[in-house]
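Sequential numbering from 34 applies to the sequence shown in our numbering. We put the beta carbon where it would ideally sit given N, CA and C, even for glycine. Quick notes on the structure that follows.
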Amino acid sequence: MKNLPLDGIKVVDLSAALTGPFCTQLLADFGADVLKIEPPGKGDMLRAFGPPYLKGESPYFLLTNRNKRGITLDITKEKGREILMRLAKDADVFIENYRPGVKKKLKIDYDTLKEINPRLIYCSISGFGQTGPYAERAGFDPIAQGMSGIASITGWKHTGPVRVGVAIGDSLGGIF
34 MKNLPLDGIK VVDLSAALTG PFCTQLLADF GADVLKIEPP GKGDMLRAFG
84 PPYLKGESPY FLLTNRNKRG ITLDITKEKG REILMRLAKD ADVFIENYRP
134 GVKKKLKIDY DTLKEINPRL IYCSISGFGQ TGPYAERAGF DPIAQGMSGI
184 ASITGWKHTG PVRVGVAIGD SLGGIF
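Here's what the structure looks like:
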């Protein structure tokens with residue numbers, strides 16, 4: 034398709050699991066050129082979400098990574114970071130969902146990337162924010178459902194709290 038609202042926008046997607054990939058799926062659906070970067074080996078953890086599987090692939094992974102290009106890159110190695118920096122230099126948008134300490138250690142934080150690309154729009158997705166007592170904790174949908182209390186209003190008397198069937202926290206996080 035041509036003439037989509039985000040045609041010409043370059044996005045570097047360094048996110049994993051569901052929230053970030055869903056966010057970049059929406060950008061790709063609107064025409065952005067999204068480059069999904071996965072670590073070597075198992076790749077994005079979303080590849081293992083299932084069953085059901087479609088020809089050995091996770092439907093969640095296939096859905097949230099449609100309309101994207103993809104590469105494997107080891108950003109824990111200097112060569113991998115060099116390649117990532119070249120990609121970020123030419124990008125319009127950079128999206129990641131690392132904990133604050135991890136991205137700082139890997140030198141993929143906003144302060145580092147703005148030095149090589151001052152016009153870069155940097156989106157950092159986090160379950161608990163960038164500061165505060167839980168900032169370094171990983172955030173996943175079941176945790177958010179439990180901590181928010183939504184799980185306590187689902188289920189039955191004999192089961193106790195039950196997760197909402199849809200990953201609502203991850204999905205809404207990707208939209209916002």
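Tell me where the alpha helix (DSSP H) around residue i begins and ends.
i	result
F94	92-97
Y143	143-149
G162	Premise fails: G162 is in no alpha helix (DSSP H) and is neither H nor E.
M118	111-123
F55	52-62
G207	201-208
G25	Beyond the ends of the chain as shown, which are 34 and 209, falls residue 25; an answer cannot be given.
Less than 8 Å between the CB atoms is what I'm expecting for residue i and residue j, so what's the real figure, rounded?
i	j	result
L87	L95	6 Å
P73	D107	5 Å
T105	E71	5 Å
A171	R132	7 Å
F127	L139	So it is not a contact: roughly 13 Å between Cβ atoms.
K43	D142	With 8 Å as the limit, K43 and D142 do not qualify as a contact, their Cβ atoms being about 20 Å apart.
Measure the C-alpha to C-alpha separation of residue i and residue j and round it to an integer number of angstroms.
i	j	result
S185	R119	47 Å
N100	P92	14 Å
G103	V67	8 Å
N150	D46	16 Å
E169	V135	8 Å
L59	T97	8 Å
D123	D174	32 Å
G89	I208	28 Å
P166	K35	46 Å
G41	K190	53 Å
I154	A61	16 Å
Where do the ends of the beta strand (DSSP E) carrying residue i lie?
i	result
E71	66-71
K43	43-47
F127	126-129
T105	101-105
I154	154-157
Would you call the CB atoms of residue i and residue j closer than 9 Å?
i	j	result
I183	I158	no
E129	G64	no
T187	V199	no
G160	A177	yes
C56	G162	no
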